[in-house]
Every structure is written in structure tokens, then in C-alpha cells.
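Participant: The sequence shown begins at 1 in the UniProt record's numbering and counts up one residue at a time.
First the structure, then my questions, so here it is.
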Amino acid sequence: MSERGAGWACTQTGTFAQLRPNGQGFTWLNVATLWRSRNDILASLFGDPSGEVRARWVAAQEARGIDPEFRIKLSVGGNFSFLLLGDTGEGDASQYAVVPGMLKLGEDTAFAVIASDVIYPTGSGNEYCDKFFRPYKDYDAPIYAVPGNHDWYDGLGGFMRVFCDAPPLKPKPDRGLRGLLWRKPETVDEERLAKARELRGKPAQQATQPAPYWAIETDSLVIVGVDTGIKNVIDKGQTAWLRRVSLDPRPKILVTGKPIYVGNAYKPSPLEEGGTIDDIVRDPAHRYVAAIGGDVHNYQRYPVKVGDRVIQYIVSGGGGAFMHATHTIGRVDVAGVDEDAFKCYPLRGDSLSFYSQLYARRLRMKWIYLTPSEALCIMSDQIKNRPVRAPEGPVTITSRMRWAARLLGAWPWPFRLPVDKVFHRYLSELSDWDTPPFFKQLLHISVTPEELTLRCFAATGCLPQELDPPLEDEVRITLS
């Protein structure tokens, strides 16, 4: 892929700018926003109530008569395709930049799945209009979702109301300091929600899922969605269901709010009863061929050999929220996956150049800026990998470039600028995020009885990539 294809030479901004309502979004540099997001910190300090609350939601749904196995049965035949997007809902330019490519790639797809964080910052049911219904109003197929931690900051109230058509839970007192400080769910404005639903009011777009976790059943494949709550623990009830659904003889994909392999590390969701979710995924009797998680805002793929087969462990969180760095990922050596087998988007060099540009502009440190070609060369030199593309022109690595890369976290260094989650949470709004390239991505997955083909496509925010979304990665998986 050329620098132009990556979106660096963006002479024409895409049409997404006309889709975005009133140029709005939200800022993390707002005391009110940070206070609304306090449940994450409270869950770390005083315990995560997600498992208990989830059990109450499930019990309420069962009392309404839903299928206790949480199945979604689709008549799509043995040959079909679907889209998967992760971490979508900021409602700003980076989310809307994904939409044109999504509509183009999704013309013949049967449905779409959102993996994690449908709505930022706190999952409120009153924010779905411009962060869910409006951006996807022209996608003429159902959309299902698994919640992320941000959806749980509203007690899952907005998520359950929108995706499961569930009435609010009756309040249950939570005593102690956590109960005193815990942010309570917002009351959904039903009139406002009804008006928002009209944006996706076509019969072909309708979907009601049974719970925050579910199994989409097709002739060729079962897609199993799990809910990881705030702190990534799978409760006993969900675990028992997951073990049951995993016994289905058809091949499966796991869709989860938290990835199992990410950033060259192994981070499987713990099961409340002991063990991890990966114990279930790796069991050959369960026939999982891939596990896809959101939460981290980029794309990564780890083909892990398990016995005599390979399971594709994927991060796909680039569907809308601002990009998390990939240049901080060192030479890959996890679970027997070597560097040449690992794939990521954005490329590490593009990630490094992007952050160098931002800090050069905001801190007025011109010397720290690395061109895409310079960043590509310095990352290749550091990682010792084969560059995906050749630099545009000769590049000589200098001490200035190495110091810039150190400060930007390209390799371990005690005095580095924040470039990952701290940056995203507290500093992202210091810069103008409405300017391409955005380095967003989505997955297109096509299925036949014999084979599954998974493709990662980029969304840069530039018109040429809207018209012809760049293919960044492709893997074929045998199902038969």
C-alpha cells in the first residue's frame, strides 16, 4: 500500500462530512464527561457489579419469555456475508468516516455486528440517535451488538432498551461507598428514542436480540457474542450458557468486548468460576475458528496454532473511536506467533508518524515529527521485520529520528509521551481529530459451508478510499 493509499496525501475529503450532524461529538477534557465515566474507577476500587446486574437483566428477559438459550436464528442459507465493527459510538468525524465504506462493502451482507462500546462515553439511551441510528440509517440489514465497558457505565440500561427492547430494571439499593458514588442509569426519553428509531425503520433493518450475550445460528456457522462487563469477568450464568452453546457441532466465531490476544500479550477473560474463556475457545470439540474482540481501537491478528489447527485471534476496534497506537507493539513473539505472521492496521510506521505529527503540532516540537517514510524505516529497523511497503525515496535514520521515536513510545523508554489509552482518554481533544487520515477499519466476513473469508478494510476519511476501500488484510479459514 502506498502513502497515498494510506490517506497521507488526502487532497479530497470524503463525503462523510455531509453525514455528520452539526459537527458534534464529545470531549474527554470535560469534567462532567469524566465524572459520568467514574464507574470504571469505582468498579476497580470497590468491585464490579456487572455480573450481578447482568443476571438481573437476563432473569427479567426470561420472565418476558425469551429463548433461554439466547438464540438468534437467521434464514440466510449456507452462503452469506456480514460486517463487524468495533468501538463505534463517539458520534464524531472518525465514526462517520467509516460509514461510506461500510455501506459500499455491506450492500449484499445479511447483517452486521458491533463488538464493544456502541455508545461513548457512558452508554446512555438518549445518545443513540446520532451515534447509532443516524450513522447506520442507510445500512439495510439488522445490526446486533455485544456491549463494552462504556455501555455498562449506564448499567446497560440504554443498550438493553435499544437492542433487546427491554424495560428498565427496578432499582436495587447498593449500600456502601460504591452505592453512594455509583452513577445511576439515565431515564430514557421514550419519545426521543422512538423518533431516533425511525431512522432505521425499514422492515429489513429490524433486529431484537434476546440479551447482552447471544448466539446467531446459521446453516454454516454460529457466531457467539459474549458480554465482558466493565472489568472483563464472565459470570457463572453466562459461562454455563457459553459451555452449552459451544457444544453445537457447527464451526463458530467468538465475538467479545475484550480481545484475547492484544498488544503482543495474552489477556483472556477470566471466568468467575475459574479458568478463562480461552479454555472454551481452544477445546477442539467446540470448533472455534476465530475469536474477535473490540475495546482496543485498531486492528491486530494473531494466527495461533492450537494442536493441529490454527485459531485466528483478532482485535477489531477501529470502527469509530479514535485510534490507539500500534507502534508501541514490539516484535511479536506471543503464543508461537512470529512477527511475519502478525498483522496490524494502521501499520506501525503510520501510527508512529501520526502521533509524531500530533505532538509536533500541539507541543510546538517540530523536531519530533517523522514523515511516514521515516517512521516506516525506523520501525522496521527496530522491529526487524519486512516492511509492508517501500519508503518513498531514500531515508537515512538519524539520531534525531531515534530520539523522537523513543519519546513517542516506539520501544521501551522511561520518559515517553502518552500515546495509548492515557492519551486517548485525557489528551485526544487537544488536537483536531476531524482531519484525515483516520486509520479506521471494519471487517467483511463471507461464509460458505466449506470456507470463511475474513477481510479487513480501511477507512481513511479520504474520498478515493471511500470509493474503493483499501484491503489491509485477508485470511481464509477452512470450515469443512
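The beta carbon of each residue, even a glycine, is placed where N, CA and C say it ideally should be.
Source: prediction; values computed, not measured.
Among Tyr136, Gly393 and Ile329, which residue has its Cα nearest to the Cα of His83?
Facilitator: In the sequence on display, residue 83 carries Leu and not His. Checked all of Tyr136, Gly393 and Ile329; the closest Cα to Leu83 is Tyr136.
Participant: Please confirm whether Pro142 and Val118 have their CB atoms less than 8 Å apart.
Facilitator: Taking 8 Å as the Cβ cut-off, Pro142 and Val118 do not qualify as a contacting pair.
Participant: Using 10 angstroms around the beta-carbon of Glu451, count the other beta-carbons present and answer buried if the total reaches 16, otherwise exposed.
Facilitator: Exposed, since its Cβ has fewer than 16 Cβ neighbours within 10 Å.
Participant: Taking three-plus beta-carbon pairs below 8 Å as touching, is the region 189-208 in contact with the region 453-462?
Facilitator: No, the region 189-208 does not touch the region 453-462.
Participant: For a quick check, are the C-beta atoms of Leu254 and Val447 less than 8 Å apart?
Facilitator: No.
Participant: Identify whether Pro121 lies in helix, strand or coil by the three-state DSSP scheme.
Facilitator: In the structure shown, Pro121 sits in coil (DSSP, three-state: anything other than H, G, I, E or B).
Participant: Taking Cβ to Cβ, would you say Arg54 is nearer than 8 Å to Gly229?
Facilitator: Against a cut-off of 8 Å, the Cβ pair of Gly229 and Arg54 comes out as a contact.
Participant: Bridge partners for Val262 per DSSP, in chain order?
Facilitator: Answer is Ala265, bridged to Val262.
Participant: Between the region 348-366 and the region 404-415, are three or more C-beta pairs nearer than 8 Å?
Facilitator: Judged by Cβ distances under 8 Å, the region 348-366 makes contact with the region 404-415, as three or more pairs qualify.
Participant: What residue ranges within the region 343-390 form continuous beta strand (DSSP E) runs of no fewer than 3 residues, ordered along the chain?
Facilitator: Runs of the beta strand (DSSP E) inside the region 343-390: 343-345.
Participant: My parser needs the beta strand (DSSP E) runs of 3 or more residues fully inside the region 75-140; what are they?
Facilitator: Listed in chain order, they are 80-86 and 111-115.
Participant: Mind checking Pro394: buried by the 16 CB within 10 Å criterion, or exposed?
Facilitator: With fewer than 16 other Cβ atoms within 10 Å, it is exposed.
Participant: Apply the 10 Å Cβ neighbour rule to Asp432 and answer buried if 16 or more other Cβ atoms are within range, or exposed otherwise.
Facilitator: Unreliable placement is indicated for Asp432, whose pLDDT of 48 sits below 50; no coordinate value is reported for it.
Participant: Quick check on DSSP: helix, strand or coil for Val245?
Facilitator: Three-state result, Val245: helix.
Participant: Go through the region 182-223 residue by residue and report every complete run of the alpha helix (DSSP H) that reaches 4 residues or more, in order.
Facilitator: Correct list: 190-197.
Participant: Rounded to the nearest angstrom, how far is the Cβ of Val315 from that of Val262, given a contact under 8 Å?
Facilitator: At roughly 5 Å, the Cβ-Cβ gap stays under 8 Å, so Val315 and Val262 are in contact.
Participant: Does the beta-carbon distance from Pro100 to Phe159 come in below 8 Å?
Facilitator: The answer is no: Cβ separation not under 8 Å.
Participant: Check this for me: beta carbons of Gly320 and Lys236, under 8 Å apart or not?
Facilitator: No, these two residues do not count as a Cβ contact at 8 Å.
Participant: Taking the continuous beta strand (DSSP E) assigned at Ala444, which residues delimit it?
Facilitator: It is His, not Ala, that sits at residue 444 in the sequence shown. His444 -> beta strand (DSSP E) spans Lys440 to Val447.
Participant: Within 10 angstroms of the Cβ of Thr398, are there 16 or more other Cβ atoms? Answer buried if so, exposed if not.
Facilitator: Label assigned to Thr398: exposed.
Participant: Leaving out five residues before and five after Ile477 in sequence, what residues of the same chain have Cβ atoms less than 6 Å from its Cβ?
Facilitator: Excluding residues within five positions, the ones whose Cβ falls inside 6 Å are Val289 and Leu452.
Participant: Lys170: buried (16+ other C-beta within 10 angstroms of its C-beta) or exposed?
Facilitator: Classification of Lys170: exposed, given that the 10 Å Cβ count is below 16.
Participant: In or out: Arg386 buried (at least 16 other Cβ within 10 Å) or exposed?
Facilitator: So Arg386 ends up on the exposed side.
Participant: Could you spell out the range, first to last residue, of the alpha helix (DSSP H) harbouring Ile280?
Facilitator: Here the alpha helix (DSSP H) through Ile280 covers Ile277 to Arg282.
Participant: Taking only the alpha-carbon atoms, compute the straight-line gap between Val162 and Gly125 and give it to the nearest angstrom.
Facilitator: If I take the Cα positions, the gap works out to 7 Å.
Participant: Run through DSSP, which three-state label would Asp432 get?
Facilitator: Since pLDDT at Asp432 reaches only 48, below the 50 mark, its modelled position is unreliable, and the value read off the structure follows with that caveat. Three-state result, Asp432: coil.
Participant: Is it the case that the Cβ atoms of Gly77 and Asp219 are separated by a distance below 8 Å?
Facilitator: Cβ atoms of Gly77 and Asp219: closer than 8 Å.
Participant: Any C-beta of chain B sitting closer than 8 Å to the C-beta of Ala141?
Facilitator: The chain inventory of the structure shown lacks chain B, comprising one protein chain alone.
Participant: Quick one: what does DSSP say Val53 is sitting in, helix, strand or coil?
Facilitator: Three-state result, Val53: helix.
Participant: One question on the structure: do Ala93 and Cys164 come within less than 8 Å of each other, judged by their Cβ atoms?
Facilitator: Cβ distance not < 8 Å, so Ala93 and Cys164 don't count as in contact.
Participant: Check Pro414 in the structure and name its three-state DSSP category.
Facilitator: Looking at Pro414 - three-state DSSP - the assignment turns out to be coil, as it is neither helix nor strand.
Participant: In the structure shown, what three-state DSSP assignment does Gly225 receive?
Facilitator: Residue state, collapsed to three classes: strand.
Participant: Quick one: Cα of Phe80 to Cα of Glu273, how far?
Facilitator: About 36 Å.
Participant: Would you kindly report the start and end of the unbroken alpha helix (DSSP H) that includes Leu271?
Facilitator: Neither: Leu271 is in no alpha helix (DSSP H) and is coded neither H nor E.
Participant: Could you have a look at Ala285 and say whether DSSP puts it in helix, strand or coil?
Facilitator: Helix.
Participant: What is the DSSP secondary structure of Asp174, counted as helix, strand or coil?
Facilitator: If DSSP states are grouped into helix, strand and coil, Asp174 belongs with coil.
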